[in-house]
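Participant: Below are the structure tokens for one structure; questions will follow.
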Amino acid sequence: MATFQEHKAWTRRFAGAVLLGLLPVPAVAERVPGVGPDDRRAPVAVSAAPWNSLVKVQSELGTRCTGALVGPGRVVTAAHCIIGPRTRKPVQASSLHVLFGYDRGQYRGHARVRAVLSGPGYDPERPLDGLPVDWAVLVLDGPVPAGVPVLPLDPAPSRGQALALGGYSQDRAQILMADTTCSLMGRNETAAGPLLVHDCDGTRGTSGGPLLVRRGDGWAVAGVNVAVVTGEGRRRNLAVPASSFAFAVK
Numbered sequence: 002m003a004t005f006q007e008h009k010a011w012t013r014r015f016a017g018a019v020l021l022g023l024l025p026v027p028a029v030a031e032r033v034p035g036v037g038p039d040d041r042r043a044p045v046a047v048s049a050a051p052w053n054s055l056v057k058v059q060s061e062l063g064t065r066c067t068g069a070l071v072g073p074g075r076v077v078t079a080a081h082c083i084i085g086p087r088t089r090k091p092v093q094a095s096s097l098h099v100l101f102g103y104d105r106g107q108y109r110g111h112a113r114v115r116a117v118l119s120g121p122g123y124d125p126e127r128p129l130d131g132l133p134v135d136w137a138v139l140v141l142d143g144p145v146p147a148g149v150p151v152l153p154l155d156p157a158p159s160r161g162q163a164l165a166l167g168g169y170s171q172d173r174a175q176i177l178m179a180d181t182t183c184s185l186m187g188r189n190e191t192a193a194g195p196l197l198v199h200d201c202d203g204t205r206g207t208s209g210g211p212l213l214v215r216r217g218d219g220w221a222v223a224g225v226n227v228a229v230v231t232g233e234g235r236r237r238n239l240a241v242p243a244s245s246f247a248f249a250v251k
């Protein structure tokens, strides 16, 4: 386990890191935290691949995030998305809802969750320290709509590789939006585990959204979006690599 000093040194390196949707955001020049001044996000069709594999995850306590179908009956999202805003503890699995094809209040399918597998050691009381384990795999208690493909994982994306990030952003929560013109800036090794650094536009609500890479004619999940880094005057957001949760989707 990493020491407090190791965590503190890592946090300084990413000064200004903010968990999407959970912590207050310092005043910065960006119009929306985690989104650049030109805002490259655009609406995408929830019926078209790979976007039809993305879901809206919400709890009966009001938390809302994004997720992706990455295994038979298994959806990956961010661990902080399943933390109760008042209790600061994980919500009961049965209170989580997964909506397929969500668009403006309508959705193609709905499933409840019967179990949650989360990053080992994730502590909601110290979310910045736990960024590298800020992932959760939801085991669905119901069928997936017909024709929704499982997105495979890509555990080893390359620096500079083209990416796409989709999600239900808090400022446009009723539609699925994506930045399809971003790339992987690098990989940071921390005492608590690795993190991917990318320049995709993403803000609150995009937590848990899949960081997508091309794989042949399709797409794969390289990671799960978990945080934005503010105060640097440019896009620099963070994701948990797929290699960290691959064991939980089998």
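Note that this note's numbering has the sequence shown beginning at 2, numbered continuously upward.
Note that CB positions come from ideal geometry on N, CA and C, so glycine has one too.
#1: In chain order, what are the residue ranges of uninterrupted alpha helix (DSSP H) at least 4 long that sit wholly in the stretch 169-250?
#2: Verify the contact flag: Ser159, CB atom, against every heavy atom of the ligand FAD, threshold strictly below 7 Å.
#3: Would you mind reading off the limits of the beta strand (DSSP E) that contains Leu132?
#4: Should Pro211 be labelled buried (16 or more other beta-carbon atoms within 10 Å of its own) or exposed?
#5: Measuring CB to CB, does Val134 end up less than 8 Å from Val114?
#6: Would you say Leu177 and Val45 are within 8 Å of each other, going by their C-beta atoms?
#7: Using the C-alpha atoms, what's the distance from Asp172 back to Glu31?
#8: Short check: CB of Val257 to CB of Val227, under 8 Å?
#9: Suppose the cutoff is 7 Å on Cβ atoms and the five residues either side in sequence are ignored; what does the same chain contact list for Leu152 look like?
#10: Provide the residue(s) that pair with Asp155 in DSSP beta bridges, ordered along the chain.
#11: Identify, in the order they occur along the chain, each residue of the same chain with its Cβ nearer than 8 Å to the Cβ of Arg188, setting aside the five sequence neighbours on each side.
#12: Give the DSSP bridge partners of Asp104, in chain order.
#13: How many angstroms separate the CA atom of Ser60 from the CA atom of Val229?
#14: Would Trp136 pass as a contact of Ala193 if the rule is Cβ separation under 8 Å?
#15: Buried or exposed: where does Gly217 fall if 16 or more other Cβ atoms within 10 Å of its Cβ makes it buried?
#16: Would you list the residues sitting across from Ile84 in a DSSP beta bridge?
#17: To which residues does DSSP link Val33 through a beta bridge?
#18: From Gly120 to Lys90, what does the alpha carbon distance come to, in whole angstroms?
#19: What is the residue span of the beta strand (DSSP E) that Ser60 lies within?
#20: Which one of Asp124, Ser245 and Cys183 has the shortest CA to CA distance from Thr88?
#21: Do Leu154 and Val58 have their C-beta atoms within less than 8 Å of each other?
#22: Which class does Ser119 belong to by DSSP, given the choice of helix, strand or coil?
#23: Is Leu255 near Pro86, with beta carbons less than 8 Å apart?
#24: On a Cα-Cα basis, can you pick out the residue from Arg215, Thr64 and Gln107 that is closest to Val92?
#25: Enumerate in chain order the residues of its own chain whose CB-to-CB distance from Arg41 is below 6 Å, with the five nearest sequence positions on each side excluded.
#26: From Leu141 to Thr67, what distance separates their C-alpha atoms?
#27: Would you mind working out which of Gly167, Gly209 and Phe246 sits nearest Ala49, comparing C-alpha positions?
Facilitator: On the basis of the coordinates in this document:
#1: none
#2: Of the ligands one can find in the structure shown there are none, so the ligand FAD has no counterpart to examine.
#3: Taken as a continuous stretch (DSSP letters only), Leu132 belongs to no beta strand (DSSP E), as it is neither H nor E.
#4: buried
#5: no
#6: yes
#7: Residue placement at Glu31 cannot be trusted, given a pLDDT of 44 that sits under 50; what the coordinates show is reported in the next sentence. If you take the alpha carbons of Glu31 and Asp172, they lie about 13 Å apart.
#8: Here the chain has residues from 2 to 251 only, and residue 257 is not among them.
#9: Pro51, Ser54, Ala69, Leu70, Val71, Pro211, Trp220, Ala221 and Val222
#10: DSSP, once it has assigned bridges, lists no residue as partnering Asp155.
#11: Arg160, Pro195, Leu196, Leu197, Val198 and Pro242
#12: Gln107
#13: 22 Å
#14: no
#15: exposed
#16: Pro91
#17: Val36
#18: 14 Å
#19: Leu55 to Ser60
#20: Asp124
#21: no
#22: strand
#23: This structure cannot speak to residue 255, because the chain is shown only from 2 to 251.
#24: Thr64
#25: Asp180, Thr182 and Asp202
#26: 15 Å
#27: Gly167
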